[in-house]
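What follows is a short report on a single structure.
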Amino acid sequence: MIRASRLLAGLCFATVLSTPAIAERVSVLVFDASGSMWNRVEGDQSRVEVARDVISDYFASRDAAVPLSVTAYGHNRRGDCRDIEIVAPMGQGTPADLERRLRGLMPRGMTPLTDSLALARDQIPPTAEAADIILVTDGLETCEGDPCALAATLAAEGIDIRAHVVGFGLSRVELEGLSCITEQTGGLMFDTNSGAELAEALRQVSTAEPIPAPEPEPTPTPEAAFDIGDRAEAGFAYVIRWNGEATNVDYMGFVPQGESRASAGPAYGTIGGTSRQPHNPVRCTAPLEPGFYDLILRTARDGVIARQAIEVVAPHMGFEAVGSVEPGSRVRFAFRGPERIEERIVIARPGDPLDAQIGDWDYALHKNGVITLTVPQEPGAYEIRYLARGRSEILFARGFGVGVPYADDDLTTAAGLAASAAAATQGDASQDDIGAVSATFRLPDGVPDSAVSWDGIPLDPDMAPEAWAPEETGRAVSGLFEPGRWRITARAPGEVVYSADVAIFPGQPNDITLSVVEDVLEGALAGGWTVWAIPPRAVDDQPMTMARIMLRLTDERQDYTGQIKPGTGMGPDAVPGDLLSVVIEGDTLSIAFAQPRIAREPLRLALSPQGAGFVGTLFAGAERLPVAFWPEAVAQDLPLWRGAAFGPDRPAAQDPSDGAESAFRCTEVRCAVTLDGLSATLEQGWSMTPPAWVSATAGAHPLSAPRVDFYGPGGASLHLNPHQWLVSNGPCIETAAGLLCRFHDSPTAAAEPLAQSLALVSRKAGRAPAAAQPGLVPVPLPEGLDADALFDLLLPGLTTE
């Protein structure tokens with residue numbers, strides 16, 4: 025025998041041998057497969073078609089020694105922000121495998137940038153020392169995530185993670201919105217609008233060397249350069265370190281693109297310091313006007329020795345509205361600004377010079393967006409100003425009135441400014457929408473011209489349920505379709521049917537010839553269905569949506585298959601997916617599907633025909649729920665559903681203990697009764713139905729404990745082992761005979777005594793009395809002769825079993 029420890033050690037050793045070694049640096053490609061990737065980029069080609077070709081070449085040409093993981097989003101379901109998938113785990117898959125998987129992605133969904141980057145981060149092995157995350161996207165975040173905040177967490181990771189953004193068809197504003205990702209992680213930003221530009225961007229990302237960690241004693245670099253990114257916010261000051269041969273009287277700062285000098289000011293001036301030790305770093309304020317500039321270092325001897333292109337983007341700064349305030353009062357001013365050293369906030373009159381200041385003022389540093397000042401005593405119009413260092417310029421201001429009415433229609437708030445800064449990363453809600461696609465369908469060659477009726481039904485669960493039914497009746501028809509999978513059917517004279525299940529998407533011909541259908545299922549169940557939870561009559565509520573199921577015939581049209589999309593009734597742990605089985609036996613329909621977060625075993629629908637659809641039970645482990653399986657285009661029929669699930673309705677005024685269903689009524693103060701294997705003690709006025717040991721559902725099966733209904737005065741009722749009891753109906757008590765349940769509005773006093781008295785006894789000793797068997801007269805058996813012995817005497821050789 026092999027010892028367990030030796031076997032475990034062998035397995036661990038085999039695991040080590042089979043696990044690929046992870047290099048010091050790894051890469052993760054995040055691919056945008058959202059619906060917007062169908063937009064055109066080169067002639068008649070869509071972005072996704074161009075990207076497939078370029079990235080396939082990238083897989084083949086990149087350095088295979090650097091392990092790669094591929095993640096994609098938006099390719100499975102519309103409107104689902106959880107639609108993110110690891111297409112290839114880290115270091116697994118040949119270039120051919122990766123290309124095949126990439127070409128199989130069909131854009132259709134949202135753009136969850138933040139969660140996709142987070143999943144990419146999770147693919148980085150703990151043994152890696154550095155990683156590159158390469159985001160290829162044609163849009164901004166559409167799932168309310170904050171990619172900038174995530175970029176900050178990436179920058180704080182214990183290893184060197186660079187996040188690169190390859191914008192494919194992004195506008196300048198959209199690129200600016202995503203610049204926070206590269207700025208905070210030290211990654212590269214690319215603006216690409218063609219296959220060639222996309223390929224060059226991927227080449228540069230692959231060959232870019234990571235920024236080396238600074239040595240304890242760095243060697244001076246003679247080449248001039250700056251340590252600022254490629255974007256700056258207008259009016260904000262930046263502390264910039266420079267390299268090169270320059271003195272304290274040489275110039276450094278922002279100039280118009282291509283220029284070699286500018287007027288002296290906060291954005292451009294002398295380096296300062298001393299001849300022996302010029303200032304380094306230098307504080308430069310970005311120009312107030314957004315646009316494209318150069319940051320230069322200009323010496324008197326050599327002219328411009330360093331130049332870097334900088335995009336100055338619009339700042340998000342300002343004061344909140346003040347309105348009118350009382351003269352001489354203390355006023356709280358809220359703002360959003362850079363709050364740099366020696367910047368100050370003052371009160372002045374509109375049109376006053378830069379150095380004007382009336383009364384109270386304070387520095388902006390460390391105010392956290394709030395400052396309190398005393399306003400002037402003299403009534404009139406004023407403005408609160410945020411001044412740059414040295415009062416060189418007004419960065420922003422806001423008018424207000426003192427002792428006079430003042431109308432301020434500007435609704436800007438500090439929170440709104442902060443939100444605007446965050447909103448720069450958010451895409452429009454319609455960004456990922458896919459436009460309708462043209463498709464043409466034809467009958468096979470040789471089919472004579474005749475009046476043909478055409479129709480189409482969507483097959484994907486995330487598509488709109490509307491069918492396609494054109495007025496045209498010819499051999500070939502065209503139409504506009506929502507992208508996705510469709511079943512197109514044509515019916516010709518003589519009951520000849522042609523059909524095809526097709527995937528209609530942009531970027532492909534979508535010209536399909538149907539084939540004739542022979543000896544197959546009619547497809548009556550194909551289409552969209554809703555699973556409704558049926559509330560009991562005692563619960564005043566409407567049916568709850570449990571799921572939406574789309575059924576379709578298989579290609580052979582011999583069976584049904586389909587997908588399920590959970591509804592609110594299944595809870596947050598439910599996930600969409602394919603059906604495991606669809607079985608039709610006679611009139612019954614059984615559907616199985618997996619929900620691993622809800623139950624280990626597959627969930628199952630057991631259904632029987634009722635009206636326009638089906639009614640039955642949803643089984644989830646030990647839980648059962650009455651449900652209706654109903655066509656989406658047909659209105660609900662709650663009375664029909666309840667009748668099928670719970671039996672016919674009973675008038676409220678009727679005493680449930682009256683009639684043939686009552687097996688025993690207690691007329692004494694207290695009655696001990698034993699009926700067909702159940703012992704109970706009833707209070708006066710209570711009755712009980714005969715114990716049911718066989719289920720009343722289709723495919724009746726024996727029960728381990730009986731079902732019994734108890735009825736008491738005033739409409740009180742208790743139910744032993746009820747069928748399909750919902751928690752919302754009311755509480756249940758555990759007894760020796762099973763669960764005793766009551767509705768919330770039923771009196772509680774009788775429940776506990778009855779629960780304590782219930783017990784299971786031998787069914788031979790406690791058969792139902794004659795009252796439960798109309799038309800039969802009980803006859804006592806002779807002493808010493810039981811029922812089995814009597815059967816042996818009357819019917820020799822026949823067992824009671």
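Position one of the sequence shown corresponds to residue 25 (this note's numbering), numbered consecutively onward.
For each residue, glycine too, the CB sits at the ideal point set by N, CA and C.
- If you draw a 10 Å sphere on the C-beta of residue 273, you find fewer than 16 other C-beta atoms in it, and that means exposed.
- With a threshold of 16 other beta carbon atoms within 10 Å, residue 56 meets it and is buried.
- Note that the C-beta distance between residue 54 and residue 65 is not below 8 Å.
- When C-alpha distances from residue 129 are compared across 120, 348, 111 and 652, the shortest belongs to 111.
- Of the other Cβ atoms in all chains shown, fewer than 16 fall within 10 Å of the Cβ of residue 537; this residue is therefore exposed.
- By the Cβ test, the segment 471-489 is in contact with the segment 516-529, since at least three Cβ pairs between them sit closer than 8 Å.
- Checking the DSSP bridge columns, you'll see residue 264 partnered with 306.
- Contact annotation: the segment 210-226 does not touch the segment 291-303, with fewer than three C-beta pairs closer than 8 Å.
- Put simply, the segment 365-379 touches the segment 388-395. At least three CB pairs are less than 8 Å apart.
- Residue burial is scored here from C-beta neighbours: residue 151 has fewer than 16 other C-beta atoms within 10 angstroms and is therefore classed as exposed.
- The alpha-carbon of residue 218 is positioned some 19 Å away from that of residue 85.
- For residue 368, the enclosing beta strand (DSSP E) covers residues 368-372.
- Given a length threshold of 3 residues, each whole run of the beta strand (DSSP E) inside the segment 381-417 is given here in chain order: 385-387, 394-398 and 404-411.
- The residue among 301, 341, 142 and 320 with its C-alpha nearest the C-alpha of residue 281 is 320.
- Per DSSP, the beta bridge partners of residue 568 are 557.
- Here residue 727 is not near residue 782, since their CB atoms are 8 Å or more apart.
- Under DSSP, residue 156 shares a beta bridge with 51 and 186.
- Secondary-structure assignment with DSSP links residue 573 through a beta bridge to 553 and 588.
- Per the Cβ contact rule, the segment 116-128 is not in contact with the segment 180-192 (fewer than 3 Cβ pairs under 8 Å).
- Counting C-beta atoms within 10 angstroms of its own C-beta, residue 318 has 16 or more neighbours from the protein chains shown and is therefore classed as buried.
- Residue 660 and residue 598 have their C-alpha atoms some 24 Å from each other.
- The shortest CA-to-CA distance from residue 384 to any of 668, 406 and 747 is the one to 406.
- Per the C-alpha coordinates, the member of 481, 532, 479 and 465 positioned closest to residue 499 is 465.
- Using a Cβ-Cβ distance cut-off of 8 Å, the segment 250-270 and the segment 307-316 are in contact, since at least three pairs of beta carbons, one from each stretch, lie closer than that value.
- If you check the CB distance, residue 265 and residue 335 do not come in under 8 Å.
- Here residue 435 is exposed: its Cβ has fewer than 16 other Cβ atoms, across all protein chains shown, within 10 Å.
- By the CB criterion at 8 Å, residue 157 and residue 187 fall inside the cutoff.
- Beyond the five residues adjoining it in sequence on each side, residue 293 comes within less than 7 Å, by CB distance, of 275 and 277 in the same chain, given in chain order.
- Inter-residue distance for residue 48 and residue 185 is about 12 Å (C-alpha atoms, whole angstroms).
- Judged by beta-carbon spacing, residue 606 lies within the 8 Å limit of residue 586, meaning their Cβ atoms are closer than that value.
- The way I'd put it, the segment 152-172 doesn't touch the segment 550-568; fewer than three beta-carbon pairs between them come closer than 8 Å.
- Residue range 315-323 is occupied by the beta strand (DSSP E) that includes residue 321, with no alpha helix (DSSP H) assigned at that position.
- Proximity to residue 730 across 213, 569, 703 and 82 peaks at 703, based on C-alpha coordinates.
- Our two residues, residue 138 and residue 208, have alpha carbons roughly 15 Å apart in a direct line.
- Pairing residue 192 with residue 161 gives a Cβ-Cβ distance under 8 Å.
- In the DSSP assignment, residue 512 is bridged to 480 and 524.
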